[in-house]
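Enquirer: Would you mind keeping the following structure in view while I ask a few things?
Protein chains: 2
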Amino acid sequence: MAERWATFGIDLHLDPTGPGLRRGLTDALREAVRTGRLAPGTRLPSSRSLAADLGIARNTVADAYADLVAEGRLTARQGSGTRVADRAAPAPPAAAPSPRRTPGRLPYSLVPGTPDLSSFPRAEWLRATRRALAAAPHDAFGYGDPRGRPELRTALADYLARVRGVRADPEHLVVRPGFADGLRLLCEVLRARGARTLAVESYGLDVHRDLATRAGLHTTPLPHDALGTRAQEPGTADAVLLSPAHQFPLGGALLPERRAAVVDLARRTGTLILEDDYDGEFRYDRQPVGALQDLDPDHVVYLGTASKSLAPGLRLGWMVVPPSLLPAVTEHGGLTVGVVEQLTLAEFLTSGAYDRHVRAARLRYRRRRDALVRALAERAPDVQVTGIAAGLHAVLRLPPGTERSVVQAATWHGLLVHGLSRFRHPDADVTPSDALVVGYATPPDHAWAATLEALCRALP
Amino acid sequence: MAERWATFGIDLHLDPTGPGLRRGLTDALREAVRTGRLAPGTRLPSSRSLAADLGIARNTVADAYADLVAEGRLTARQGSGTRVADRAAPAPPAAAPSPRRTPGRLPYSLVPGTPDLSSFPRAEWLRATRRALAAAPHDAFGYGDPRGRPELRTALADYLARVRGVRADPEHLVVRPGFADGLRLLCEVLRARGARTLAVESYGLDVHRDLATRAGLHTTPLPHDALGTRAQEPGTADAVLLSPAHQFPLGGALLPERRAAVVDLARRTGTLILEDDYDGEFRYDRQPVGALQDLDPDHVVYLGTASKSLAPGLRLGWMVVPPSLLPAVTEHGGLTVGVVEQLTLAEFLTSGAYDRHVRAARLRYRRRRDALVRALAERAPDVQVTGIAAGLHAVLRLPPGTERSVVQAATWHGLLVHGLSRFRHPDADVTPSDALVVGYATPPDHAWAATLEALCRALP
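Listed in order, the protein sequences are those of chains A and B.
Using my numbering, you'd call the opening residue of the first sequence number 1162 and step up by one each time.
Using my numbering, you'd call the opening residue of the second sequence number 1162 and step up by one each time.
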């Protein structure tokens, strides 16, 4: 261990080849801060020099520092390097509200995937729960149909046909605790039927790719060009995972001719299409594009969720499954969604409360998107907002080579935001481009202005 | 196709070697009844003669008939053979209530595993939901800790320590949607770590064995003797699944010296013990035996559930996981239980409502067990009730060779009840014995007397 480091009295037992290197370093630093061996205000060596001292990659040190900055144990400010945080939180910027700085969290977040949690309709949900509990037959509380309660499947089938153009027979609907669980189940069923490969979009969520990998499927990236995903070219993959209405995270809609082509291919080759319709309710400039599933319900599994329209914490999702796949899906996956939640959502849908909530949320998020576009046009003219006017996120194109520094600058301004690069499939054959994926629905209303301000300050 | 059968105009396309034979026959018969080709009142050939006609096993025909009797499409009465049911339901016995005869159901059930669903505490649950929704912080509605909400993990840790003697740190608690889902997750984690074999009790639920098989584990039966499961002899299995407090379905408690021996073995060999504590709250004659997990929390996973204490439909279960296994469990299984359900259960536990409900249920089920024992002593002296005075089920030992006919006779009396043989592991080295597994908690209060009456009539 190098001398410079030893002056901090840190006892590091790191295996420099192991995968736990970053965690080990983070833990050791955290412990040193906690016990006071690294006193408040102490300036840490630069990531470059500590990396050299320890004989490890600079990024590993930078990542460990970033984790501890995010936790509030270190501070990183331009010009003054990385220091151990003072016990007292710094004073908030004058014009901004003062959000609670909880350990492990930055005060502002634009991480995509979460709606404004402060707008969850608690009172309406409770009312629906009361009606659901009063109306439920006794046997609803038993081990039930692995597809879910008929009340909910019927309500969802009506809703999906009306709002998303899904051809949904309640008999083919399966309720699951969220999209990810449905995807896991489908991957396991596919693997058990001999499937080997799932084609995924070049940009997407690593947690979804990891789910497929754990289920024993290899993921390969679909080709990608200036017009979006070349969904019709999955190679020899057994199944294709797509977000056709609003690609996540890039934000485009799959071109009509490519929609038709991938469905034709599925029909011809037996490839299964998994349609991730995570935010299909939210389109701001015109009527949403209908679901792909409508083109061929025998070759497309439609997957939807209440995670964006209501809240992820409800853990409510649904799939419309082709009849040929249904027995395997229901046999492999027992019922895992509580009946009270199911019947409450059914009430929410049939009473119109769901429609009302989505309408109000659409208006709120549309205003935020408009404010984001206006603010950037004024204050960061080099940054271009891309993606259709839909959903809960936008992609901000940055000048080449600036993504990493912008993400870091955002951290300095108390803002957690993700760069586009973290969503790229490791094998994707695309020219990396610098961008931010901005989840503008994430902040609560009272923090929105301050969050937007922090973003503008971080941009070049 | 034989002539006799052809007179019914049934067009059967059966593959006599395939596993779908029983289902194919059942479907063909159901369709014939539905379309009227088999008119109400038509007497069907005996299972023996139809089996001979079709060149298939008699049991396959008997099973198909039994399925359709259970569905209410056929009737089977002693002396008059099997007939197509009349459209009108038969009049109920004079003294009995007249439960709705829904398609696919017999009016009475003693199938084990379900508490009295009519006693689910709806009003108390709604009150707890109201309090939970009022108190929840906004971030509870987001993607949360994969282990579950801290409020629930803390409440469960307190409860399990107090009532079951579990050494439960909230940090090691993981909330899952029921026992089966927890078992599936553990099996997948074990398989991913290289495990091959799960030892299970000679008698247990086939759905649990099937879960393990689907996760890629081979199940082997533990030896079994007159004193119960020889848990300490799992051979080379990587993990052992046990129900130590109340063996399901046989109803014994694992002997203290065998508890100690299997934990010693786990410590010595690294075998993991999975403790299924499905009904540990319900012991009627004395204080329940504490959890096995207490002996060595590093080698025992404790699994509990609200399915027996409250209702299976809630889909609420929990595991206390050894620290070494925790990262794999949380990484492999994302959060799948809704936050409203979680916070409601936390409220239910901390407010004392859970204790009150369990006390009331214990009293109700104890009375039922006593009534069962009294009725059998009087009306079926050849039948012996076995198993400790605990839980929601008892095992009724029958005279040798009578199990199948008693189950069938029960069907004739409108009662669905399971024989012990269906719980036996196919490879178990045990002398088959004739018995019924009677879930006395299953009927609603108003049907209990009639259900007991139907059982007594079916017994020899």
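For glycine and all other residues, C-beta sits at the position ideal for the given N, C-alpha and C.
Quick caveat: nothing in here was measured; it's all calculated off a predicted structure.
Under the rule that 16 or more other beta-carbon atoms within 10 Å means buried, what is A/A1250, buried or exposed?
Expert: Confidence at A/A1250 is low in this model, with a pLDDT of 34, below 50, so the placement of that residue should be treated as unreliable; the coordinate-derived value is given next. Looking at its Cβ environment, which holds fewer than 16 other Cβ atoms inside 10 Å, A/A1250 is exposed.
Enquirer: State the DSSP-derived secondary structure class of A/A1521, mapped to helix, strand or coil.
Expert: Reduced to three states, the DSSP call for A/A1521 is helix.
Enquirer: Any beta carbon of chain A sitting closer than 9 Å to that of B/H1299?
Expert: By this cut-off, B/H1299 is an interface position.
Enquirer: From the beta carbon of B/Y1311, is the nearest beta carbon of chain A less than 9 Å away?
Expert: One point to set straight first is that residue 1311 of chain B is Pro, not Tyr, in the sequence displayed. By this cut-off, B/P1311 is not an interface position.
Enquirer: Among A/R1266, A/L1186, A/S1208, which residue has its Cα nearest to the Cα of A/G1575?
Expert: The option with the nearest alpha carbon to A/G1575 is A/R1266.
Enquirer: If you follow the beta strand (DSSP E) that A/V1501 is part of, which residue opens it and which one closes it?
Expert: Where A/V1501 is concerned, there is no enclosing beta strand (DSSP E), although the alpha helix (DSSP H) it sits in stretches over 1500-1511.
Enquirer: Determine, using beta carbons only, whether A/D1195 comes closer than 9 Å to chain B.
Expert: For the record, residue 1195 of chain A in the displayed sequence is Arg; it is not Asp. Chain B, which has no Cβ nearer than 9 Å to the Cβ of A/R1195, makes this no.
Enquirer: What are the complete alpha helix (DSSP H) segments, minimum 4 residues, inside the region 1282-1336 of chain B?
Expert: Fully enclosed alpha helix (DSSP H) runs of 4 or longer: 1283-1296, 1311-1325.
Enquirer: Just to check my reading of the structure: A/H1586 and A/R1370 have Cβ atoms closer than 8 Å, yes? What is that Cβ distance to the nearest angstrom?
Expert: Contact flag correct, Cβ pair sits at about 7 Å.
Enquirer: Are any of the Cβ atoms in chain B nearer than 9 Å to that of A/E1349?
Expert: It does: the Cβ of A/E1349 has a partner Cβ on chain B nearer than 9 Å.
Enquirer: Do B/A1589 and B/H1407 come within 9 Å of each other at the CB atom, strictly closer than that value?
Expert: No, they are not a contact pair.
Enquirer: Mapping DSSP to helix, strand and coil, what is A/G1242?
Expert: In this structure, A/G1242 counts as strand in the three-state DSSP scheme.
Enquirer: Distance cutoff 9 Å, beta carbons only. Does A/P1331 sit that close to anything in chain B?
Expert: So, not an interface residue.
Enquirer: Which residues bound the alpha helix (DSSP H) around B/P1338?
Expert: Per DSSP, B/P1338 belongs to no alpha helix (DSSP H) and is neither H nor E.
Enquirer: Could you confirm whether any beta carbon from chain A is found closer than 9 Å to the beta carbon of B/H1133?
Expert: Because residue 1133 of chain B is not part of the residues shown, which for chain B are 1162 to 1621, the question remains open.
Enquirer: Taking only the alpha-carbon atoms, compute the straight-line gap between A/G1130 and A/A1322 and give it to the nearest angstrom.
Expert: Residue 1130 of chain A is absent from the model: chain A starts at 1162 and stops at 1621.
Enquirer: List, in chain order, every chain A residue whose beta-carbon is nearer than 8 Å to that of B/W1286.
Expert: Result: L1294, V1501.
Enquirer: Exposed or buried, what is B/D1446 when buried is set at 16 or more other beta-carbons lying within 10 Å of its beta-carbon?
Expert: Answer is exposed; the Cβ neighbour count stays below 16.
Enquirer: Is B/D1188 helix, strand or coil by DSSP?
Expert: Reduced to three states, the DSSP call for B/D1188 is helix.
Enquirer: With 16 other CB atoms within 10 Å as the buried threshold, where does A/T1221 fall?
Expert: A/T1221 comes out buried.
Enquirer: Counting only C-beta atoms, is A/G1303 closer than 9 Å to chain B at any point?
Expert: Judged by the 9 Å Cβ criterion, A/G1303 is in contact with chain B.
Enquirer: Alpha carbon to alpha carbon, how far is B/V1544 from B/L1620? Give it in angstroms, no decimals.
Expert: Their Cα atoms are separated by approximately 8 Å.
Enquirer: State the DSSP-derived secondary structure class of A/V1591, mapped to helix, strand or coil.
Expert: Three-state result, A/V1591: coil.
Enquirer: For B/H1369, report the span of its alpha helix (DSSP H) as first-last.
Expert: Segment 1367-1375, the alpha helix (DSSP H) holding B/H1369.
Enquirer: Starting from the C-beta of B/L1372, find all residues in its chain whose C-beta is less than 7 Å away, skip the five residues before and the five after it, and write them out in chain order.
Expert: Here the set comprises A1341, L1344, R1345, C1348.
Enquirer: Taking just the CA atoms, how far does B/P1206 sit from B/A1246?
Expert: For B/A1246 and B/P1206, the distance between alpha carbons rounds to 15 Å.
Enquirer: What in chain B is Cβ-close to A/D1342, meaning under 8 Å?
Expert: Going along chain B in sequence order, the residues near A/D1342 (Cβ under 8 Å) are G1495, T1497.
Enquirer: The region 1449-1472 of chain B: which residues have C-beta closer than 9 Å to a C-beta of chain A, in chain order?
Expert: So the close ones are S1468, L1471, A1472.
Enquirer: Determine, using beta carbons only, whether B/H1518 and B/P1483 come nearer to each other than 9 Å.
Expert: No, these two residues do not count as a Cβ contact at 9 Å.
Enquirer: Within the 9 Å Cβ cut-off, does B/L1487 reach chain A?
Expert: B/L1487 does not count as touching chain A.
Enquirer: Verify whether the separation of the beta carbon atoms of A/D1277 and A/D1516 is less than 9 Å.
Expert: It is not a contact, given that the beta carbons lie outside the stated cut-off.
Enquirer: Whole angstroms are fine: how far does the CA of A/G1309 sit from the CA of A/T1491?
Expert: The alpha-carbon atoms of A/T1491 and A/G1309 are separated by roughly 10 Å.
Enquirer: Is B/F1281 close to chain A, meaning its C-beta is less than 9 Å from at least one C-beta of that chain?
Expert: At least one chain A Cβ lies under 9 Å of B/F1281.
Enquirer: Assign B/Q1448 to one of two classes, buried (16 or more other C-beta atoms within 10 Å of its C-beta) or exposed (fewer than that).
Expert: So B/Q1448 counts as exposed.
Enquirer: Measure the beta-carbon distance from A/H1579 to A/V1598 and round it to whole angstroms, keeping in mind my assumption that it falls under 8 Å.
Expert: The pair is a contact, with the Cβ atoms about 5 Å apart (cut-off 8 Å).
Enquirer: Looking at the secondary structure, which residues open and close the beta strand (DSSP E) in which B/Q1545 lies?
Expert: From DSSP, the beta strand (DSSP E) with B/Q1545 extends over 1545-1547.
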